[in-house]
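Have a look at the structure below before the remarks.
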Amino acid sequence: MNVAITPSAFSLPGAFSFEGDPADKRRQKKINDIVTMCLVIIAFVATMWLLQELSGFLVPLVFAVFLAFLMEPVLRCIVLAPQRCCRRARRARRHDDQCRLGFLETRGPMWLQSAWDFIGVALCFALIVLILGIPIVGSYQAISTFDWKDYADVDKVDQMQKALNAIGINNKTWDFGKLVADHESQVMDVASATIGVGSDIVLTLLLFIFSLAATLPGIHQGRPTPPVRDLMRRYLVWKSVATLIITLAVVLTLCAMKVPLVPVCAMLTFILNFIPNVGSFFAILAPLPLVYFKKHSTTADLVLAGLVPFCIHNVLGCLLEPQLMAQGLELNSLVVVMALTFWGCVWGIPGAVLSVPITCAIKLTLRDAENQNYLVKELRSRLEDPLGPGAESFVAAAPLAGMPQSPLPRVESELSTPLRGDSGAP
Numbered sequence: 001m002n003v004a005i006t007p008s009a010f011s012l013p014g015a016f017s018f019e020g021d022p023a024d025k026r027r028q029k030k031i032n033d034i035v036t037m038c039l040v041i042i043a044f045v046a047t048m049w050l051l052q053e054l055s056g057f058l059v060p061l062v063f064a065v066f067l068a069f070l071m072e073p074v075l076r077c078i079v080l081a082p083q084r085c086c087r088r089a090r091r092a093r094r095h096d097d098q099c100r101l102g103f104l105e106t107r108g109p110m111w112l113q114s115a116w117d118f119i120g121v122a123l124c125f126a127l128i129v130l131i132l133g134i135p136i137v138g139s140y141q142a143i144s145t146f147d148w149k150d151y152a153d154v155d156k157v158d159q160m161q162k163a164l165n166a167i168g169i170n171n172k173t174w175d176f177g178k179l180v181a182d183h184e185s186q187v188m189d190v191a192s193a194t195i196g197v198g199s200d201i202v203l204t205l206l207l208f209i210f211s212l213a214a215t216l217p218g219i220h221q222g223r224p225t226p227p228v229r230d231l232m233r234r235y236l237v238w239k240s241v242a243t244l245i246i247t248l249a250v251v252l253t254l255c256a257m258k259v260p261l262v263p264v265c266a267m268l269t270f271i272l273n274f275i276p277n278v279g280s281f282f283a284i285l286a287p288l289p290l291v292y293f294k295k296h297s298t299t300a301d302l303v304l305a306g307l308v309p310f311c312i313h314n315v316l317g318c319l320l321e322p323q324l325m326a327q328g329l330e331l332n333s334l335v336v337v338m339a340l341t342f343w344g345c346v347w348g349i350p351g352a353v354l355s356v357p358i359t360c361a362i363k364l365t366l367r368d369a370e371n372q373n374y375l376v377k378e379l380r381s382r383l384e385d386p387l388g389p390g391a392e393s394f395v396a397a398a399p400l401a402g403m404p405q406s407p408l409p410r411v412e413s414e415l416s417t418p419l420r421g422d423s424g425a426p
């Protein structure tokens, strides 16, 4: 058997090159498949490890970049406002010689433009802080002023205590100090996680400022927005608007049913709706315990508190989701589930929120990449059709059991078969 290893052994696809009979070629294909699979597994594990190790910086960075995408049109309007005033002053000067706007016809010095750029970035930063701060402050005030007397001496609490006692958990003998001492490590983990969330928010806002400042040269030079950034901005705007509409409808419903802690439920609904598939489910479940343990609440109240938000999520989702798909950002359902699983395992809840935007950005980047090599084409095809191009034809070729088959294939085959007299045979 002649086996020759050529220099192409270090290039993919095709790790080794064999010369010989067909058996050698089959062995070559097996070796290439094994090498490729091993390299993919190693790259996957290394990528997950690196993403987890750098999550403390990468998660705020991704949030900051997406916020900068959203605020770039606002910053563009603010920064270019003096130039628009200059152009309007020139046009007014041409049409009216008595116009007194001549002082606007010339641009100011560079330091004045830099100062105006700083004001624009500061205004965008203040707007983001205001948008993020209103729900946080509202939730804090709602929790701090909430009257917990409505949940005191409720029969349902007693029933839950009896159920806990039945399984061996006697909460009447709990000592809070002893409980904290026994679970000191868990308490410290919760405290450090809370502090970590605050530090991540501060880091996100700082990176947001730098991300906005990085867009200023392109705005002044009049460079067109890259297609990937433009599509991502449209996706984020449509997703935010759709989520805001759903949240407002749910808030009005909860207020009408007099559900407590509506600001907290609103913030949870808005955040969880960015998590595909399962986010809306947990958003629907969030207010149910408050309704169930409330005094004089009935089963009908509990059913309405879950059924009406469920209908809102589904109806408005079906109406608004096609607008997102119209932006050219449609993802296969299997890709969405895999993205949610991967980014959720790597970055937790922030990864679940960012899973779809990150996947959309990767898909758009691969689609518009200049270097369309084998790896780029393969990744792009897997994002567009994860089951492969032959999946649909396979499903179509395998009809369900018990279903009548269409007679069209049989008719076509009969028509394509020449008649006995047409063949020319005796």
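Mapping the sequence shown onto full-length UniProt numbering, position 77 (from 1) lands on 77, and the numbers just tick up by one. Beta carbons are placed, not taken as given, at the ideal position from N, Cα and C, and that holds for glycine. On a predicted model such as this, the values are computed, not experimentally measured, just so you know.
Check your understanding: Do the stretch 216-231 and the stretch 339-359 meet, that is, are 3 or more Cβ pairs less than 8 Å apart?
Key -> no
Check your understanding: Less than 8 Å separating the beta-carbons of Val336 and Thr253?
Key -> no
Practice item. Compare the beta carbon distance of Pro289 and Ala142 with 8 Å and say whether it is the shorter of the two. Key: no
Review point. Alpha carbon to alpha carbon, what distance is there between Ala23 and Met1?
Key: Interpretation of Met1 is limited by its pLDDT of 45, a score under 50 that renders its predicted location unreliable; the figure taken from the coordinates is listed afterwards. About 10 Å.
Check your understanding: With distances taken from CA atoms, which of Leu304, Thr204 and Phe274 is nearest Ala68?
Key -> Thr204
Review point. For Leu268, which residues of its own chain have a beta-carbon under 7 Å away from its beta-carbon, when the five flanking residues on both sides are left out?
Key: Ala283 and Ala286
Review point. Considering only residues of the stretch 26-82, which uninterrupted alpha helix (DSSP H) runs meet the minimum length of 4 residues and lie entirely inside it, listed in chain order?
Key: 55-79
Exercise for review: Apply the 10 Å Cβ neighbour rule to Thr298 and answer buried if 16 or more other Cβ atoms are within range, or exposed otherwise.
Suggested key: exposed
Review point. Curious, which full-length beta strand (DSSP E) runs of at least 3 residues does the stretch 215-263 contain?
Key: none
Check your understanding: Helix, strand or coil: how does DSSP classify Gly147 here?
Key -> The identity of residue 147 in the sequence shown is Asp, whereas the question assumes Gly. Looking at Asp147 - three-state DSSP - the assignment turns out to be coil, as it is neither helix nor strand.
Practice item. Tell me where the alpha helix (DSSP H) around Phe342 begins and ends. Key: Ser333 to Arg367
**Study point:** Own chain partners of Pro350 with C-beta closer than 6 Å, once the 5 adjacent residues on each side are dropped
**Key:** Val59
Practice item. Using three-state DSSP, classify Asp385 as helix, strand or coil. Key: coil
Review point. Where does Thr204 fall in DSSP's three states?
Key: helix
Check your understanding: Does the separation of the CB atoms of Phe66 and Leu236 fall below 8 Å?
Key -> yes
Point to revise | Where the alpha helix (DSSP H) through Ile284 begins and ends | key: Gly279 to Leu285
Point to revise | Ile34 versus Leu51: straight-line alpha-carbon distance, rounded | key: 26 Å
Review point. Leu316 and Ala249: beta carbons closer than 8 Å?
Key: yes
Review point. Hey, how far is the Cα of Leu375 from the Cα of Leu366?
Key: 10 Å
Check your understanding: Taking Cβ positions, are Ile78 and Leu112 nearer each other than 8 Å?
Key -> no
Exercise for review: Please classify Asn277: is it buried, with 16 or more other beta-carbons within 10 angstroms of its beta-carbon, or exposed?
Suggested key: exposed
Review point. Which residues mark the beginning and the end of the alpha helix (DSSP H) in which Pro289 is found?
Key: Leu288 to Tyr292
Review point. Where does Ile275 fall in DSSP's three states?
Key: coil
Practice item. Give the single residue among Gly344, Ala352, Gly348 and Pro386 whose Cα lies nearest to the Cα of Lys363. Key: Pro386
Review point. Between the C-alpha atoms of Pro226 and Phe125, what's the straight-line distance to the nearest angstrom?
Key: 23 Å
Review point. If you draw a straight line from the C-alpha of Trp49 to the C-alpha of Cys345, how long is it?
Key: 11 Å
Check your understanding: Alpha carbon to alpha carbon, what distance is there between Lys377 and Trp116?
Key -> 44 Å
Review point. Does DSSP classify Lys377 as helix, strand or coil?
Key: helix
Point to revise | Burial state of Trp148, where buried means 16 or more other Cβ atoms lie within 10 Å | key: exposed
Point to revise | Which of helix, strand or coil DSSP assigns to Ser199 | key: helix
Review point. Can you tell me the Cα-Cα spacing of Phe44 and Met37, whole angstroms?
Key: 10 Å
Point to revise | Closer than 8 Å to chain C by CB, Val262 | key: You won't find chain C in this structure, because it holds only one protein chain.
Review point. Buried or exposed: His313, going by 16 or more other Cβ atoms within 10 Å of its Cβ?
Key: buried
Review point. When you compare each of Met110, Val62 and Phe208 to Glu72 by their alpha carbons, which one comes out closest?
Key: Phe208
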